[in-house]
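Throughout, our numbering is defined as the position within the sequence shown, counted from one, plus 775. Positions of the beta carbon are idealized from the N, C-alpha and C atoms, including for glycine. See structure below.
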Amino acid sequence: MKLNNIMMAVGLVFVCTACSVIPEAKPIDFYTLQPASVNQSESVKLSHIRVAEPELNDALQLERIVRITADGSILAYPNAKWSTSIATLWQSWMLDALWRDSRFEHISSSQQGFDSDWQVSGRLQAFHIEETSSGPVAVVRYDAQLVNTKQRKVTKSESFAARIPLSGDETDHAINALSAASSEVGERLLEWLAASSN
């Protein structure tokens with residue numbers, strides 16, 4: 776019994792010692808996009824709109840904030856993630872913009888399955904930080920499609936892109952630049968959708 780007690784005591788000391796030398800994991804910061812700028816003074820132009828999650832290229836499949844180096848390597852900002860998957864993040868951001876813009880009404884997501892006249896879908900081709908000879912820039916590109924759901928056909932398609940330089944090298948600078956680039960894309964996308972009623 777004494778030998779067993781001694782062995783147990785030694786084991787506890789070893790476990791406690793091992794725990795003390797393992798470094799604590801650094802906390803992960805979660806980010807989201809700043810709300811897009813919208814028009815709140817015009818009358819309704821388009822209604823009964825459904826918003827689908829965008830298709831993504833391989834580099835954007837996870838929640839990581841992506842940085843592409845000059846040699847094409849794909850890196851992720853350490854200890855930082857988007858608050859959800861990039862596809863869901865973009866869809867939620869578009870839904871919020873459409874809801875707040877007075878030119879649109881009766882908005883829903885594709886997951887809700889509500890009846891609609893139109894669906895906004897597309898591919899988020901770029902949503903990352905890109906290293907260039909003049910410094911890092913945020914790159915956002917959304918290839919949009921407006922689908923007539925009753926006729927089951929694409930009525931319009933357009934590519935929207937923006938590039939915004941970063942003001943520094945920290946993660947916050949990357950988020951601010953990506954938000955600014957997204958807002959620029961979103962503003963032109965909303966104008967395009969509003970004109971679709973003509």
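Residue i burial status per 10 Å Cβ neighbour count (16 or more: buried)
{"i": "F805", "result": "exposed"}
{"i": "K820", "result": "buried"}
{"i": "E817", "result": "exposed"}
{"i": "G961", "result": "buried"}
{"i": "V914", "result": "buried"}
{"i": "V929", "result": "exposed"}
{"i": "P802", "result": "exposed"}
{"i": "Q836", "result": "exposed"}
{"i": "S891", "result": "buried"}
{"i": "I849", "result": "exposed"}
Reduced DSSP secondary structure (H/G/I, E/B, other) of residue i
{"i": "T946", "result": "helix"}
{"i": "S954", "result": "helix"}
{"i": "G888", "result": "coil"}
{"i": "D871", "result": "helix"}
{"i": "V912", "result": "strand"}
{"i": "I904", "result": "strand"}
{"i": "G847", "result": "coil"}
{"i": "L921", "result": "strand"}
{"i": "T807", "result": "coil"}
{"i": "T859", "result": "coil"}
{"i": "V960", "result": "helix"}
{"i": "A827", "result": "coil"}
{"i": "E838", "result": "coil"}
Any non-hydrogen atom of the ligand FAD closer than 7 Å to residue i Cβ
{"i": "W865", "result": "This structure simply doesn't include the ligand FAD, nor any ligand for that matter."}
Minimum C-alpha distance to residue i - residue among the options
{"i": "A936", "options": "D846, L864, R898 and Q926", "result": "R898"}
{"i": "P853", "options": "S971, E959, A970 and D944", "result": "D944"}
{"i": "Q887", "options": "L964, S867, R938 and V841", "result": "S867"}
{"i": "H948", "options": "A970, I840, Q920 and P802", "result": "I840"}
{"i": "A955", "options": "A834, W893, R916 and L870", "result": "R916"}
{"i": "T844", "options": "T907, I803, L870 and D892", "result": "T907"}
{"i": "S909", "options": "E959, R938, L837 and W857", "result": "R938"}
{"i": "D918", "options": "E828, G847 and I882", "result": "E828"}
{"i": "S884", "options": "L964, V912 and V826", "result": "V826"}
{"i": "L941", "options": "H903, A970 and W967", "result": "H903"}
{"i": "W857", "options": "S972, A970, E905 and N951", "result": "N951"}
{"i": "V912", "options": "S932, E966 and R842", "result": "R842"}
Cβ-Cβ distance between residue i and residue j below 8 Å
{"i": "I824", "j": "L864", "result": "no"}
{"i": "S957", "j": "L808", "result": "yes"}
{"i": "E830", "j": "I861", "result": "no"}
With contact counted as at least three CB pairs below 8 Å, one residue from each stretch, are the segment 808–826 and the segment 877–896 in contact?
-> Yes: at least three Cβ pairs fall under 8 Å.
Inter-stretch contact (C-beta, 8 Å, three-pair minimum) for the segment 851–870 and the segment 920–937 = Touching, no.
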